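Right, one structure below, let's go through it.
Dropping the structure here:
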């Protein structure tokens, strides 16, 4: 699943949408893209720590702003190779559940790092 965080007032969001549409179509990933309006779905944006739009998130990978086409391609390939893309549409509840899972993993990594220090 790739989340594209946008807003109605975002000047650059349409550019990223166009780039992402072309690149995801070329890679066969169109069904894995979910647009999240940060003004309407602020809980999801807050859960992911989104401060800037546009921002793309796939698991622990995040890219903000409008990337170059090669950076976008690399981001999508990382998402594919990491297993973050699943087929089928998801509900908001399942997106939030995934956020909690990612945060739990990140928290346990931080705890291990602190313990090792």
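Numbering (my numbering), first residue to last: 34 to 150.
Even for Gly, the Cβ is constructed at its ideal location relative to N, Cα and C.
The structure displayed is predicted, hence computed values, not measured ones.
DSSP links residue 96 through a beta bridge to 89. In the structure shown, residue 75 falls within a helical segment according to DSSP collapsed to helix, strand and coil. The alpha carbon of residue 50 has as its nearest neighbour, out of 72, 105, 84, the alpha carbon of 105. Less than 9 Å divides the Cβ of residue 89 from the Cβ of residue 53. Annotation: residue 37 is outside any alpha helix (DSSP H); the continuous beta strand (DSSP E) that includes it extends over 35-39. Annotation for residue 56: the continuous alpha helix (DSSP H) segment containing it runs 46-60. The residue among 116, 73, 46, 39 with its C-alpha nearest the C-alpha of residue 91 is 116. DSSP links residue 69 through a beta bridge to 38. Distance from the CA atom of residue 55 to the CA atom of residue 80, rounded to whole angstroms, is 28 Å.
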